[in-house]
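There are 2 protein chains.
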Amino acid sequence: MSGTNMRSRGRPRLFDEDAVLDELTTLFWRKGYSQTSMADLVDASGVHKSSLYSTFGTKEELFAKILQRYLVNRMGMFSELVEQAGPGIDGIQAFLEMLRGDLVSGTGQWGCLLVNSSSELSGTAPGFEDFGVAFRKALRERLRGLIRQAEPEGTARTRVTDQRTDLFMTFMLGLNLTVRGGADENEIGRVIDAMQATVDTWR
Amino acid sequence: MSGTNMRSRGRPRLFDEDAVLDELTTLFWRKGYSQTSMADLVDASGVHKSSLYSTFGTKEELFAKILQRYLVNRMGMFSELVEQAGPGIDGIQAFLEMLRGDLVSGTGQWGCLLVNSSSELSGTAPGFEDFGVAFRKALRERLRGLIRQAEPEGTARTRVTDQRTDLFMTFMLGLNLTVRGGADENEIGRVIDAMQATVDTWR
DNA sequence: CACATTAACTACCGCTCGGTAGTAAAACGT
DNA sequence: ACGTTTTACTACCGAGCGGTAGTTAATGTG
Chain R
1 MSGTNMRSRG RPRLFDEDAV LDELTTLFWR KGYSQTSMAD LVDASGVHKS SLYSTFGTKE
61 ELFAKILQRY LVNRMGMFSE LVEQAGPGID GIQAFLEMLR GDLVSGTGQW GCLLVNSSSE
121 LSGTAPGFED FGVAFRKALR ERLRGLIRQA EPEGTARTRV TDQRTDLFMT FMLGLNLTVR
181 GGADENEIGR VIDAMQATVD TWR
Chain G
1001 MSGTNMRSRG RPRLFDEDAV LDELTTLFWR KGYSQTSMAD LVDASGVHKS SLYSTFGTKE
1061 ELFAKILQRY LVNRMGMFSE LVEQAGPGID GIQAFLEMLR GDLVSGTGQW GCLLVNSSSE
1121 LSGTAPGFED FGVAFRKALR ERLRGLIRQA EPEGTARTRV TDQRTDLFMT FMLGLNLTVR
1181 GGADENEIGR VIDAMQATVD TWR
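Quick note, the sequences are listed as chains R and G, same order.
For the first sequence, this note's numbering assigns the number 1 to the initial residue and increments by one for each residue that follows.
For the second sequence, this note's numbering assigns the number 1001 to the initial residue and increments by one for each residue that follows.
See the structure below:
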């Protein structure tokens, strides 16, 4: 990789590129792509408009970079969460318990940026659809891993595992929508309880 | 109700108000609120801009009317579907089977207008959030009815029924997102299969 | 046939949008 | 110190946005 060892032949940046991308990510996350104007991005970051353009390109290109970044970060966080949850059915339950905590406040209440964007831009901006597809595929793979390791050892019930994975995946998407739709803590709790009850029948 | 018997004292409309609202609904449905411009609405309906404004008010007011209309229509369709599905667990399975057919083509592939809008406008347009909440509440009630009647007669397992309702509700939201996210027929089919397998354990 | 009323249509408004040219200001290597 | 390179900043652009005033064309009522 270049970049870190690039000799700077000229004036250096006054802002931290990563920090600015983080700021802009939360803006897009909260308000959506089309509801976020360049002026909003300028205000939130403190970086002048032309600098944003010269650094990140057009709004579309910037958003693509942000989605890419988000995708990597999210999958990393997700893997950590799964590892932290531990093995077996209890691991799945622990994973759901962690979700419960995250979704009530902070960035959790905005749902998943990729899922939101995929829904918002579907049928208008064809280029971004691929991010959503890629994300769902990657998420599904990891979910399958989490569920597979909770099956009785030695068994190869591929069909059962796949179906549970699809159900769990769809559940997480629905939960995303519930949260972003403005559900309160009680409603979120109830929904997670319901899934935990279902997972309990998998023992 | 007035309206039908209103004596027209002046020039009558050249367009059918309901038909135009139907046209505009599909536009908002497919492209979302903010990606649909007044010019788009004019083009799609053939009605001049000023006529749209004098008839339906501003874009926000028009959209509110459309959401209201959609809410009523949808709940009606949903009730019909449930009735058509029949009683018992088999009724739930039949209901899911009908979903399978609807989601692949036509308006089904755009998901639910209310759910989409609730997600799109969350955190930017506070007024519209209520539609989403109201819709989820109404949908949940009817879903509960569908599931309640499939429980063994005489039992009053409120907790179980509620949890199954929440799971089913969340499943439908997730399915909505899957469809709108650009999933193909196979993926949709797999997801519905997964839910049907779960429902089968409820017998 | 006037007259009031309502709708259709044209032309236009101010504003915000995403995007850019052109200039001033720093850092570098030599 | 010098020239080069890169960034920061100001000012601005054309286009599209939602929304409206004002005029013309139909209709019903007397």
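Cβ coordinates follow ideal geometry from the N, Cα and C atoms, glycine included.
Note that the structure is a prediction, hence the values are computed from the model and not measured.
Where R/Gly-189 is concerned, the enclosing alpha helix (DSSP H) starts and stops at 185–200. For the stretch 27–47 of chain R, the residues whose beta carbon sits under 7 Å from a beta carbon of chain G are, in order, Arg-30, Lys-31, Gly-32, Ser-34, Gln-35.
Per DSSP, reduced to three states, the secondary structure at R/Phe-135 is helical. Judged by their CB atoms, R/Ile-92 and R/Ala-138 are not nearer to each other than the 7 Å cut-off. Sequence-ordered contacts of the stretch 1063–1092 of chain G with chain R are nonexistent [C-beta pairs closer than 7 Å]. Using a CB distance cut-off of 7 Å, G/Arg-1190 counts as an interface residue toward chain R. A Cβ of chain G is located within less than 7 Å of the beta carbon of R/Gly-123. Secondary structure at G/Tyr-1053: helix, using DSSP grouped into helix, strand and coil.
Between the alpha carbons of R/Ile-147 and G/Leu-1021 lies a distance of about 46 Å. Contact annotation for R/Ser-119 against chain G: Gly-1111, Asn-1116, Ser-1119, Glu-1120, Leu-1177, Arg-1180, Gly-1181 [CB-CB distance below 8 Å, chain order]. Assignment of R/Pro-152 by DSSP, reduced to helix, strand and coil, places it in the coil class. Contact check for G/Gln-1109 against G/Val-1179 passes: the beta carbons are separated by less than 7 Å. Here the C-alpha atom of R/Leu-177 lies approximately 34 Å from the C-alpha atom of R/His-48.
Cβ proximity to chain R below 7 Å picks out Glu-1129, Gly-1132, Val-1133, Arg-1136 from the stretch 1127–1138 of chain G. In the DSSP annotation of this structure, the continuous segment of the alpha helix (DSSP H) that includes R/Phe-63 starts and ends at 59–85. Residue contact check for G/Phe-1095 against chain R: no CB pair falls below 7 Å. For G/Gly-1174, the enclosing alpha helix (DSSP H) starts and ends at 1158–1180.
With respect to G/Phe-1078, G/Tyr-1033 sits apart: the two C-beta atoms are not nearer than 7 Å. G/Phe-1095 and G/Gln-1196 have their C-alpha atoms spaced approximately 10 Å apart. Comparing alpha carbon positions, the residue from R/Asn-73, R/Leu-24, R/Glu-120 closest to R/Ala-39 is R/Leu-24. Residue state for R/Asp-16 is assigned as coil, using DSSP reduced to three classes.
Under the three-state reduction of DSSP, R/Leu-121 is assigned to coil, being neither helix nor strand. Close to G/Asp-1193, with beta-carbon spacing below 8 Å, are these residues of chain R in chain order: Gln-163, Asp-166. Contact of G/Ala-1197 with chain R by beta-carbon distance below 7 Å involves Gln-163. Close to G/Thr-1201, with beta-carbon spacing below 8 Å, are these residues of chain R in chain order: Thr-201. If you check the CB distance, G/Thr-1058 and R/Gly-174 do not come in under 7 Å. Leaving aside the five residues that flank R/Arg-164 on each side, the residues in its chain whose CB is nearer than 8 Å to its CB run, in chain order, Ile-147, Trp-202. One Cα belongs to G/Gly-1076, the other to G/Leu-1067, and the distance between them is close to 14 Å.
A Cβ of chain R is located within less than 7 Å of the beta carbon of G/Leu-1173. By the criterion of a C-beta distance shorter than 8 Å, R/Met-98 is surrounded in its chain by Leu-81, Gln-84, Ala-85, once the five residues flanking it on both sides are discounted. A direct Cα-Cα distance of roughly 28 Å separates R/Val-133 from G/Phe-1128.
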